[in-house]
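Okay, structure first, notes after.
Numbering (the numbering used here), first residue to last: -11 to 420.
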């Protein structure tokens, strides 16, 4: 990594921390703010949460093309300004229409940030340093969200609208501060408009869908996010309260345990991950999460004491955190290494789209099951976790040595982006 790349990466990491810190101020309190503080009711609050997902699903297919054509930095700056306006407007909105418009802007801006930042990390890292860079990103995101949520919890007062307006103003200020920080970044290899690949939007998606390894990774990613992240604040929490009798304070402890494991274990896990095949690491995560679901089953379906049930439930979230720490330096770098030269933005946006779909479907399926169908809920998501293992092993058969084990392969050759799988003839980037 060159000195210029290192300087750019440091600013990108600062930006990640600032954006997560800002989001931490408002994300945990969005429902309460809309439904109770603004008095708009549960229906409007639920619609606002759905708007975030819908806005992301609308903009992400176009975000990848914009990143390829313009480069990730201009797209990121536009997304930050949009998100800042949405956050500030949300803090001032007093009726349902204004709240929904503001939520749309905030959701669209947040959605585009993800693939833009990921592409910047790809452009400022090498095959050898990419896993560590994404691990640092995930670490800072969780730390920022945790600290922001902690501070926001002390500032918020459900009897004063002004306290929530302050939270949203702080979030907007963090986004604008990030604009200032990232405006100083000099991106290496940032493509000029004239240098961008001359392919149509339809052609770029056809090219991506022709990459079978990427398609398999997207399927795997959907199952990952559906079976874990899509259950945290919906099905799993409902299951904990209804089946295991977990108190709200214990639920908060479980979420804190998840974050604590990620923050403490991230770089220790990284040393283990860097020496293993990525497909095997993802397969191991599926097994760990299967154990987590079985532990949750004990918490709600076992016959132990309430203390044992609570300990088991907290352990479930801790095990999920361990799996997340293993995935952060594995999945995102793999998406980048599967992308042909100049197409990282398109691939990152496609994977972000898959993530948003899973996060939209996960709560809709898991919420009712977790609240009412306790045993089927545990069995279903244990099987999904085992499915992660199966899908990861199958994916490994399509990856090149350099894509699956870059730490070892980098000693002898550079990662071949979009290259053919082991044992097959070299194919074109489109996979046809």
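We treat Cβ as the ideally placed atom computed from N, Cα and C, and that holds for glycine.
Simplified DSSP assignment, three categories, for residue i
i           : result
residue 220 : coil
residue 385 : coil
residue 5   : helix
residue 392 : helix
residue 293 : coil
residue 318 : coil
residue 242 : helix
residue 26  : coil
residue 263 : coil
residue 46  : helix
residue 366 : helix
residue 196 : helix
residue 234 : coil
residue 361 : coil
residue 413 : Annotation note: pLDDT 39 at residue 413 (below 50); position unreliable, coordinate value reported separately. Here residue 413 sits in coil by DSSP.
Continuous alpha helix (DSSP H) stretch holding residue i: start and end
i           : result
residue 268 : 266 to 289
residue 331 : Here residue 331 belongs to no alpha helix (DSSP H), and DSSP marks it neither H nor E.
residue 204 : 200 to 215
Exposed unless 16 or more other CB atoms sit within 10 angstroms - verdict on residue i
i           : result
residue 183 : Caution is warranted here: a pLDDT of 39 is assigned to residue 183, below 50, making its placement in the model unreliable, and no coordinate value can be reported.
residue 296 : exposed
residue 211 : buried
residue 63  : buried
residue 343 : buried
residue 371 : exposed
residue 273 : buried
residue 338 : buried
residue 142 : exposed
residue 400 : Note on residue 400: pLDDT 47, under 50, position unreliable in the model; the coordinate value appears next. With fewer than 16 other Cβ atoms within 10 Å, it is exposed.
residue 328 : buried
residue 92  : buried
residue 294 : exposed
residue 118 : buried
residue 378 : exposed
residue 336 : buried
residue 314 : buried
residue 109 : buried
residue 124 : buried
residue 50  : exposed
residue 7   : buried
residue -7  : buried
residue 77  : buried
residue 392 : buried
residue 111 : buried
residue 27  : exposed
residue 83  : exposed
Any alpha helix (DSSP H) of 4 or more consecutive residues that is wholly inside the region 54 to 99 = 60 to 80
Alpha helix (DSSP H) segments (min. 4 residues) lying fully within the region 96 to 182 | 118 to 143, 149 to 171
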